[in-house]
Every structure is written in structure tokens, then in C-alpha cells.
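Down below is the structure, laid out as C-alpha cells.
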Amino acid sequence: MRLRLVAVNISGNSNPNISLLTRRGLSSFSSSNINHLKQIHAKLIRNSGIQDVLTAGKLIADIAVSNPSNLEYARSVMATLEYPPNTFMWNSMIRGYAHSPNPIEAIFLYRKMLEQRHLPNNYTFPFVLKACTHLMDLNLGLGVHGTVIKCGFEDSDAFIQTSLVNFYASCGSIETARLLFDRCPERDVTSWNALIKGYVRSNRYLDAIRVFRLMQDRRDVRADEITLLGVALACTQLGALDMGRWVHAYIDKNHVKLSASLGTALIDMYAKCGSIDVAMHLFERMPEKDVRTWSVMIGGLAVHGLAYEALELFSEMQRFGINPDSVTFTGVLCACSHAGMVEEGLQILDKMGKVYSVEPTIEHYGCIVDLLGRSGCLEEALGLIRRIPLKPDAVLWGALLVACRSHNNVAMGELVAKEMLKLDPHHCGAHVFLSNVYASTGRWSEVEQVRSSMKEQGIRKPPGSSLIELNGDVHEFIAGDRSHPQINQIHMMLDEIATLLSLQGHVPATRGIALDIDEEEKKLALSQHSEKLAVAFGLINTKQGAVLHIVKNLRVCEDCHSAMKFISKVFHRLIIIRDRSRFHHFKDGFCSCRDYW
DNA sequence: ATAGGGTTAG
């Protein structure tokens, strides 16, 4: 009778809401058939086999990891035993919940365990810390860490140590993670991987690569697939192509398995480091491609402005029988946007839900607003934002704000900026836009209002930063920064470029500058933009004809864009710049974006 | 009997 009651809520393995669970660990168990487990349970009850602690434990563990939707069932089995549950059972339940969509339940169970004076063991903490990591709750984890110390596990258990490193790094306390890592008496490949991935997660890509280099100096560990995945990711973010190539070579040389995920990471790396052709070559040779591999390639082509190729690949993927997912469509719509293919984009959006059963999310609408906005259909874009079934967020409005700025629609821009500030009162771009609008129309008291509100809230424009790689080393330039050892040479080079430009009748495009400083100061600010510093540095330090790869954190401004076109022609250089939203290939005085970005 | 690290867009 009891079995029947608890069995009502049981479902098979078809729960679609378990994205957390595709991670390693539980997936290997998900094949356990719940009906089979129910039969075993029934049989155990009939034959009094549930009296056997080991068998009961195994049953609970199997049910708990079969599928998160069966956790309640596992719990009820544990609750109805005639004897108190043992540590193994507690651990199994905590483990199941830690990987479920409700990791907080794992914490509740862990607390209940402690309340009942049941001591956790070395297996308990990795599960509990996993739950803290998913919850991103630093205080919670700090408490658990305290208990780890009290139980005497901090210095003695490598699994717990790695769990702690992973936890702190995921919660933004990478320095603490590093401290713990350094204190570990023994570190295996997993410990190193946790730290490397931790730096990547904390946007500390250079540190991730530094740790990888330290790791290579050691004879007791060898990089594996996961290590290289982390390093490839860091290269992708940095745009460090040479380092990325080196990672690829390392994989080949050491026969590291090129799984679909590592292959996908490499394709993404090449694409985002500017080598779209190498990315394509690797893509074509990948023996097994999953939906992510296809999505990465499509997205890569899109940001390089190769819309036709992206759409072609999108069709090919379907001929291969791979179903596009939400990410695929972001890439496809992004391709349309960068190529100004308004009709195609709208058609695809329309088909998403109807034909592919992928409901458009706010990101997809963002692509469409971008698409309409770039091609000047501002009213249509505004209409779309008002019409969509989802609540617009600041990012969506932001796409329209960018369009208002580039098409000089002050009235709509003001409206949009105000909407954005309602949703995100700290949004820097919206403040700056408003301030500029007011300044350009002489509404000085309103300018002052915006300024002081920014000051009060401590809102500052993030500084522009550009990265350029030279002989495998990444150099970073910040706008206006004069600390580089070669700064005098760099400025001499920039002066020379400015002179050549003005001889050609070029006027600095100061329109994009936010502040109400005078024209001379604006010109000075422009001349110190980070991408200009980086390109001058590259020109000075590389051979004639070498390609310059630059990665910028913000969008390229109008003035830098025309300067780059000019430099590419005069110096006979291919300059490839990745900005916040796409790639620009500058060659012979032209840019691949056809001045449409 | 049980444990730690994992790829895509915005």
C-alpha cells in the first residue's frame, strides 16, 4: 500500500527541466530504469530484504540518482525504514539534491543530518559543497568550510580540498580558492583543473594561462582534456591566437582525446581569435559534431559577417538531422543582423516556434531589435519591443539605444534611455546617452542632474581595453594609460598616423565622445583610445606585412574605425579587430563590416 | 557501496 502511494509521483527519464543534471556524475546513472527499481523495492518489502542495510542503501542511492523527479520517492523509502538511515543513505540523498534543480534541499538535508547528531564523513562534503556552488551562496559555503575544519578534513582530503577550491572560485572568491590550492599538500590534475577553470570563471584569463604554465613545470601531473578545455577557453576570451594554436598542437602531440566538446572549444577559439578559415577547416574534419559544434561554427561565421555561409551551414545542419536549439538561433539571427538581412531574419524568427518548436527568448528578440535598428527601422524595432510576449529588459532596450545613437534619433533615444534606467538605474550607457542628448541641445541643468546622479551612484564608464598578442605574450592597453615602457614610441607612431590622416583631409570623429570637454581634449582622448595604442604597438614591434589581431572590450568608435581603415592601406597590413559585438577585418582601406556595425 | 574538474549566445 505504501509503495503504491509513493509511486504515484514517479516519472521516467523524460523530465526536460534538468539542465543541471547533464553534468558529469549522474548522467551515467540516469539509465537506471525507475520501473525496475520499483520492482526491486517491492520484492525487498515482500521478502523482508529491506531489513538489510546495505541493500536498502543501494536502493535509495540508485533511486536518488536516477532522476531528480524521483528524489521524493527515494526520500520516502529512507523515511519508512524501521531503523535510522546510515551515512551512506544521507550522502546519497544529499548528492541527488545537490545535482537537482533544487540544490537548497541538499542543504536542508545536511542540516537535518547534523541536527540528528549524525556525523558527516569525507564523502558528505563534496556533495554539500556542490550544492553551495550551484546556489552561489558564499556565506553558506563558509559555514560548511567551518564544519570541514571542525571535522578535521581540511588538510587531509584531496576531494574536499578540490571541492572547496571549486566552490570559492565559483562564488567570486578566486583569491581564497588560490590560497587553499596553494596549501594543498597534494595536487592532482583535478585540483589544477579546478583552479584553472576558476580563473576562467572569474574572468582572469591571463592567470588561468599562468597556472597552466606552472602546471607544465611539474612532473607529477599531466594536462588532460578538461585542462585544455579551460586553457582553450581562456585563449578564446583573450583572443590569444598563438597560445590557442599552441594548445591545439599540444593536443595533437600528446594524443589528448579530441572529444566533441574539446573540438567545439577549439573551433570557437579559432573563430573568436579571428581565424575563421582555420575554424572552418577544423569543423569540417570533426568526426562527431553535436548541436553545439554546429552552433559555434554558425555563430563564428556570423560575427565575421559571413552571413551567407552561416545560413548555408544552418541548412546543412538540418540535412544532417541535427535539430537547432536556442543557441543556434542566436547565431543565425546574429548573422542576419550583421549582414542587414531584415527579411530573412524576420522569417526565421517567425519559424522558430512554429517549425522548430524553439520559443524565442529575450536574446532572440534582442537580435531582431538589433537587426531592425541597424537598418534604420527604428519604429518597427520599438513596435516589436512593445509587442513581444516577454517583459523587455535593459539589454533589449539597450540594443535599440545603440540604433538610436547611430541613426541620430534623439527623441526615441531619450525615451529608450529612460526605460532602461527604470529597469537598471545603474546603467552607464543610458546615463551617458541622456547626458549627451541634453548637452547637445543645451539643456545644461539636466546635464548637471544626470552627472550628479551618476556621481552619487558611483557610475563610471568602463575603461576601454585592447589586447594584442606578440610572440605568444598578451599585451593589454587601457585607454589613456601611459605606463607602457614603449609609450613614447607608441605616441610618436600615433602622431605620425594623425598627421598622415589630416593630410588626407580626415577630421577626427569626436561625435562618439561622451563628455562635454572641449574639442581639443576630445581629440586627445580619441588619440589615446586603447585600440590605437595597441595597433601602434603592433606596428612598431612586428615585421612588415604581419597580421595584427586586436581584441577590444567595447565597440570600436567611429574615429578608430576610420583610422584603422587608413592604417591598413598605408602600412599594407591586415588588421583584425574583435570588438564587443563582431569582427572587423581591415584591408586596403576597407572593412569587412562595410561600415555597418 | 558514495566523492572533486566540462564546451555554445546574450
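Numbering-wise (full-length UniProt numbering), the first sequence opens with residue 1 and increments by one.
Cβ coordinates follow ideal geometry from the N, Cα and C atoms, glycine included.
All figures in this text were calculated on a predicted structure; none of them were measured in a lab.
| Asked | Found |
| --- | --- |
| Short of 6 Å in beta carbon distance, which residues of its chain neighbour aspartate 579, apart from the five on each side in sequence? Order them along the chain. | Lys552, Arg555, Val556 |
| Give the DSSP bridge partners of phenylalanine 127, in chain order. | DSSP, once it has assigned bridges, lists no residue as partnering phenylalanine 127. |
| What residue range is occupied by the uninterrupted alpha helix (DSSP H) comprising isoleucine 209? | 205-216 |
| What does a CB cutoff of less than 6 Å around glycine 57 pick up in its chain, not counting 5 residues either side in sequence? | Phe88, Met89 |
| Return yes when the Cβ of proline 120 is within less than 9 Å of the Cβ of serine 100, no when it is not. | no |
| Which residues in the same chain have their Cβ closer than 6 Å to the Cβ of phenylalanine 159, if we skip the five residues on either side of it in sequence? | Pro126 |
| Unbroken alpha helix (DSSP H) runs of length 4 or more, entirely within the stretch 282-330: which are they? | 291-303, 307-319 |
| Looking at C-alpha atoms only, which residue of Val200, Tyr199, Ser202, Gln161 is the closest neighbour of cysteine 184? | Gln161 |
| What do you reckon, are the CB atoms on tryptophan 597 and arginine 387 nearer than 9 Å? | no |
| With H, G and I counted as helix, E and B as strand and the rest as coil, what does DSSP make of isoleucine 468? | strand |
| Comparing alpha-carbon positions, which option in Lys112, Gln528, Ile478 lies nearest aspartate 495? | Gln528 |
| From leucine 492 to glutamate 469, what distance separates their C-alpha atoms? | According to the sequence displayed, residue 492 carries methionine and not leucine. Those two C-alpha atoms are separated by around 21 Å. |
| Figure out for me which residue from Pro425, His426, Arg451, Met420 has the closest Cα to the Cα of serine 435. | Arg451 |
| Tell me whether arginine 405 is buried or exposed, calling it buried when 16 or more other Cβ atoms sit within 10 Å of its Cβ. | buried |
| Assign glutamate 154 to one of three DSSP states: helix, strand, or coil. | coil |
| Please say whether alanine 208 and isoleucine 226 have beta carbons closer to each other than 9 Å? | no |
| DSSP three-state call for aspartate 370: helix, strand or coil? | helix |
| With three or more C-beta pairs closer than 8 Å as the rule, is the stretch 287-297 touching the stretch 484-491? | no |
| Please tell me whether aspartate 224 and cysteine 171 are closer than 9 Å, where the distance is taken between their beta carbons. | no |
| Valine 416 lies in the alpha helix (DSSP H); which residues open and close that run? | 410-423 |
| Using the C-alpha atoms, what's the distance from leucine 114 back to proline 84? | 14 Å |
| Let me know the secondary structure DSSP gives glutamate 175 once reduced to three states. | helix |
| Per the DSSP calculation, isoleucine 473 is bridged to which residue(s)? | In the sequence under discussion, the amino acid at residue 473 is aspartate, which differs from the isoleucine named in the question. DSSP lists Leu470 as partners of aspartate 473. |
| Quick test of your reading: alanine 64 and arginine 95, contact by CB under 8 Å. State the CB separation rounded to the nearest angstrom. | 7 Å |
| When you compare the CB positions of aspartate 268 and glycine 300, do they come within less than 9 Å of one another, or not? | yes |
| So if DSSP puts histidine 549 in a beta bridge, which residue, or which two residues, is it bridged to? | Ile576 |
| Apart from the five residues on each side of it in sequence, which residues of its chain come closer than 7 Å, Cβ to Cβ, to asparagine 17? | Since pLDDT at asparagine 17 reaches only 30, below the 50 mark, its modelled position is unreliable, and no value is offered. |
| From what residue to what residue does the beta strand (DSSP E) around phenylalanine 583 run? | 583-587 |
| Skipping 5 residues on each side, what residues in its chain have a beta carbon closer than 7 Å to that of histidine 145? | Leu164 |
| Could you pull the DSSP bridge partners for isoleucine 478 from this structure? | Ser465 |
| Since arginine 222 is in the alpha helix (DSSP H), which residue starts that stretch and which ends it? | It is not in any alpha helix (DSSP H) - arginine 222 carries neither H nor E in the DSSP assignment. |
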